[in-house]
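Each remark here refers to the structure printed beneath this line.
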Amino acid sequence: MLQTRNPIHDQWSSRLAFIMAAVGSAVGLGNVWKFPYITGENGGGAFVLVYLICIALIGAPIMMAEILIGRRGRQSPINTMRTLAIQEGAHPAWGWLGWMGVMAGFLILSYYSVIAGWSLAYVVKAAGGVFRGADGAATGALFDSFLQSPASLLLWHTLFMLLTVAVVARGVRSGLEQAVTVMMPALFVLLVILVLYAFYEGDFARGVDFLLHPDFSKVFQHCELLDSGEKSCRITGEPILIALGQAFFTLSLGMGAIMVYGSYMPANASIAAATLVIVISDTIAALLAGLAIFPIVFANGLEPASGPGLIFKTLPIAFGAMPGGQLFGTLFFILLVFAAWTSAISLLEPAVAWLVENRGLSRIGATALTGVLAWLLGIGTVLSFNLWSGESFQLFGKTWFGLVDHLSANIMLPLGGFCIAIFAGWVMARESSREELQLGDGVRYRTWRFVIRYVSPALVLLVFLNTVGLL
Ligand code: PHE
1174 MLQTRNPIHD
1184 QWSSRLAFIM
1194 AAVGSAVGLG
1204 NVWKFPYITG
1214 ENGGGAFVLV
1224 YLICIALIGA
1234 PIMMAEILIG
1244 RRGRQSPINT
1254 MRTLAIQEGA
1264 HPAWGWLGWM
1274 GVMAGFLILS
1284 YYSVIAGWSL
1294 AYVVKAAGGV
1304 FRGADGAATG
1314 ALFDSFLQSP
1324 ASLLLWHTLF
1334 MLLTVAVVAR
1344 GVRSGLEQAV
1354 TVMMPALFVL
1364 LVILVLYAFY
1374 EGDFARGVDF
1384 LLHPDFSKVF
1394 QHCELLDSGE
1404 KSCRITGEPI
1414 LIALGQAFFT
1424 LSLGMGAIMV
1434 YGSYMPANAS
1444 IAAATLVIVI
1454 SDTIAALLAG
1464 LAIFPIVFAN
1474 GLEPASGPGL
1484 IFKTLPIAFG
1494 AMPGGQLFGT
1504 LFFILLVFAA
1514 WTSAISLLEP
1524 AVAWLVENRG
1534 LSRIGATALT
1544 GVLAWLLGIG
1554 TVLSFNLWSG
1564 ESFQLFGKTW
1574 FGLVDHLSAN
1584 IMLPLGGFCI
1594 AIFAGWVMAR
1604 ESSREELQLG
1614 DGVRYRTWRF
1624 VIRYVSPALV
1634 LLVFLNTVGL
1644 L
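Quick note on numbering: the sequence shown equals residues 1174 to 1644 in our numbering.
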């Protein structure tokens, strides 16, 4: 029986440990850094609505599928997909899905580590009181001049990658579980404090309106801030694809991270209940970040479409002005680094698990190897913000960072998720998924099965076709 397959990896110590680890993977830079800035670039409320629909109709059911596949296979995503495919009478080439996930994980980690490095650098700046009394112009200038130094970006990127490698090398269980249990709740508390600050000191009404009031004329509008400081907007189907990509990115779906965590999940834990907790926590974290940031953006005359620097330009204004801001600011960026850390670990884990299983590498060797590869790729992102930011270095109008982000988050993750839905809904026998989900055969299981077979794949396909311009 599959359930008794002897895994060569550790298992989580409890149900709660799995949930904590998965929340740790889901809540990260995607919520606090990426969600606000892409919402700013894609017009606000209407984009958020599309994103929430993607979370509910595509993200949540696919998360259940990923966890159930992982727990049934109990190996790295590559071997899990292969073994389950054979067992369900399908072609072993499904293992390629695991490979695409490993690739996407590398690409994401390569830039994730650079941005997490910015957060590390901001811990030091906040602690040094650099933000005291700074207005929007000052925090903007501070950030822009920080980006101009490839050497310091590289240093922080290196430091963060070392942190990630250190934990993965020890095995995800020791260290990770305890860290997440303390850090995640603390991050939520700090986000709430920031929202309170934004409520009293920011333009809260306008922030809320921007974030939550859908203006459908903007659903197809994508804006960016040019180097000249001018804003350029164009009409395109891209925001819908970006919302879909973000739903996958923020929930860590489509590349095997949740699958590999699921493979360490105790057999008796409820997959549906765990999914609910993970999805709700993740969504709350993103919305809190948005509620903290946009009122400050508007109160200080900043531009919502400022791009990847948005939180680094806005939050320091709040920390510079609020009582105790030096302490809160330092704490906030420390917690952001932790949130990024617990996500980065899960980006590396699928590749490491495979190397340990198939190549007989030690965990330490496998982690070092994959860490160095992702670190090397990350240098392209470091340079995207300075030496390679010019137009002559761009491809399809995007920098290296823009391209890697687009390819991994907006293309590979949704594609991976689509295949996972097809696998769980069409390739796996009904008995297999039912047994693993332990929901009985009632309305809950039937709804999930209907959604995973028809609704989720159809929606992903629709968004893809729309973006390619076929519809
Ligand atoms: N979910 C993480 C975040 O929101 C990023 C991530 C993506 C982690 C894919 C693992 C896999 O920051």
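No residue lacks a Cβ here, since even glycine has one placed at the ideal position from N, Cα and C.
Nearest to Ser1405 by C-alpha distance, out of Glu1397, Pro1412, Glu1411, is Glu1397.
Nearest to Val1297 by C-alpha distance, out of Ala1195, Leu1426, Leu1504, is Leu1504. Taking a C-beta distance under 9 angstroms as the contact criterion, Ala1445 and Ala1465 do not qualify as a contact pair.
Ala1258 places its beta carbon less than 9 angstroms from that of Val1600.
By the criterion of a C-beta distance shorter than 6 angstroms, Gly1544 is surrounded in its chain by Met1334, Val1338, once the five residues flanking it on both sides are discounted. In the structure shown, the three-state DSSP call for Leu1612 is coil. In this structure, Val1600 has its CB at a distance of at least 8 angstroms from all heavy atoms of the ligand PHE.
In the structure shown, the three-state DSSP call for His1395 is strand. Closest in C-alpha terms to Phe1393, from the list Val1510, Asn1215, Ser1286, comes Asn1215. When Cβ pairs closer than 8 angstroms are counted between the two stretches, the stretch 1582-1595 is seen to touch the stretch 1420-1427, the count reaching three or more. Secondary structure remark: continuous alpha helix (DSSP H) runs of at least 4 residues inside the stretch 1230-1282, in chain order: 1233-1246, 1250-1260. Between Pro1481 and Gly1278, the gap from beta carbon to beta carbon reaches 9 angstroms or more.
Bridge pairing for Arg1407: His1395 [DSSP].
For Leu1504, the secondary structure class from DSSP, reduced to helix, strand or coil, is helix.
Counting along the chain, Ala1430 sits inside the alpha helix (DSSP H) bounded by residues 1430-1435. A residue is called buried when at least 16 other Cβ atoms come within 10 angstroms of its Cβ; Glu1411 meets this threshold and is buried. Taken through DSSP and simplified to helix, strand or coil, Leu1556 comes out as helix.
The Cβ-Cβ distance between Pro1250 and Ala1526 falls below 9 angstroms.
Scanning the stretch 1294-1329 from its first residue to its last, the whole alpha helix (DSSP H) runs of 4-plus residues come out as 1309-1320.
At a cut-off of 8 angstroms, the beta-carbon of Phe1422 counts as near the ligand PHE: some heavy atom of the ligand is closer than that. Between Phe1467 and Leu1384, the C-beta spacing is below 9 angstroms. In the three-state DSSP reduction, Leu1424 falls in the coil class, being neither helix nor strand. The residue from Lys1571, Val1341, Ala1314, Gly1498 with its alpha-carbon nearest to that of Gly1538 is Val1341. Look at Leu1335 here: in three-state DSSP terms it is helix. Contact check for Pro1630 against Ile1595 passes: the beta carbons are separated by less than 9 angstroms.
Within 8 angstroms of the C-beta of Gly1232 there is not a single heavy atom belonging to the ligand PHE.
Sequence-distant Cβ neighbours of Ile1408 in its own chain, meaning closer than 7 angstroms and more than five residues away, are Phe1393, Gln1394. Between Ser1557 and Phe1574, the CB-CB gap stays under 9 angstroms. Judged by their CB atoms, Ala1541 and Ser1286 are not nearer to each other than the 9 angstroms cut-off.
Under the DSSP definition of a beta bridge, Leu1568 partners with Lys1571.
Exposure of Leu1500 is indicated by the presence of fewer than 16 other C-beta atoms within 10 angstroms of its C-beta. Shortest Cα-Cα distance from Leu1327 to any of Leu1550, Leu1189, Phe1220 involves Leu1550.
Here Phe1511 is not near Tyr1295, since their CB atoms are 9 angstroms or more apart. Placement of the Cβ of Asn1204 at a distance of less than 8 angstroms from at least one heavy atom of the ligand PHE is found.
The C-beta distance from Ala1447 to Ile1192 rounds to 5 angstroms, short enough to fall under 8 angstroms.
By the CB criterion at 9 angstroms, Val1452 and Ile1228 fall inside the cutoff.
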